[in-house]
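Inspection log for the structure reproduced underneath, given as structure tokens.
Residue numbers (full-length UniProt numbering): 1 to 111.
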């Protein structure tokens, strides 16, 4: 992977407590899987940032190489790769996602 792309990804993951690499952005998701994760994160009430991987072929491939995960979207919480749409959906449905975000002190309605 291109070192500059790696550094950009690492910086985004380090700088943003909840970071979603997706197709489109949170205002205008450009795939159903990305839209679903945005919907879940919005519903649980967590602040998050997004990176539109469609704007750069290097970023689109780079995030897959970075995480060693083949699909997009990809969610990171406090620097830890959580997973894609299926994993985030399963965690949301089981209550595990809210527990994780709460443990990390990231839910808006807490504190």
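In this text, a Cβ means the ideal position worked out from N, Cα and C, and glycines have one as well.
Local Cβ density within 10 Å of residue i, reported as buried at 16 or more and exposed below that
{"i": "residue 51", "result": "buried"}
{"i": "residue 123", "result": "A question about residue 123 goes unanswered here, because the residues of the chain that appear run from 1 up to 111."}
Same chain, Cβ closer than 7 Å to residue i, neighbours up to 5 away in sequence not counted
{"i": "residue 64", "result": "70"}
{"i": "residue 56", "result": "none"}
{"i": "residue 25", "result": "50, 52"}
{"i": "residue 30", "result": "23, 24, 54"}
{"i": "residue 83", "result": "75"}
Of the listed residues the options, nearest to residue i (C-alpha basis)
{"i": "residue 78", "options": "103, 68, 87", "result": "103"}
{"i": "residue 85", "options": "57, 100, 41, 47", "result": "41"}
{"i": "residue 18", "options": "55, 67, 46", "result": "46"}
{"i": "residue 106", "options": "92, 5, 44", "result": "44"}
{"i": "residue 36", "options": "96, 95, 89, 3", "result": "89"}
{"i": "residue 34", "options": "5, 87, 4", "result": "87"}
Residues near residue i by beta carbon distance below 8 Å, same chain, minus five either side
{"i": "residue 53", "result": "21, 22, 23, 59, 60, 63, 72"}
{"i": "residue 98", "result": "44, 92, 107"}
{"i": "residue 111", "result": "Caution applies to residue 111, whose pLDDT of 46 falls short of 50 and renders its modelled position unreliable; the value that the coordinates give is listed next. These residues qualify, in order along the chain: 105."}
Sequence-distant residues of the same chain with beta carbon closer than 6 Å to residue i, five excluded per side
{"i": "residue 67", "result": "74, 81"}
{"i": "residue 108", "result": "45"}
{"i": "residue 38", "result": "26, 29"}
message: Extract the residue ranges of the beta strand (DSSP E) inside the UniProt domain "Glutaredoxin" (18-82), only unbroken runs of 3 or more that lie entirely within it.
response: 18-22, 49-52, 74-77
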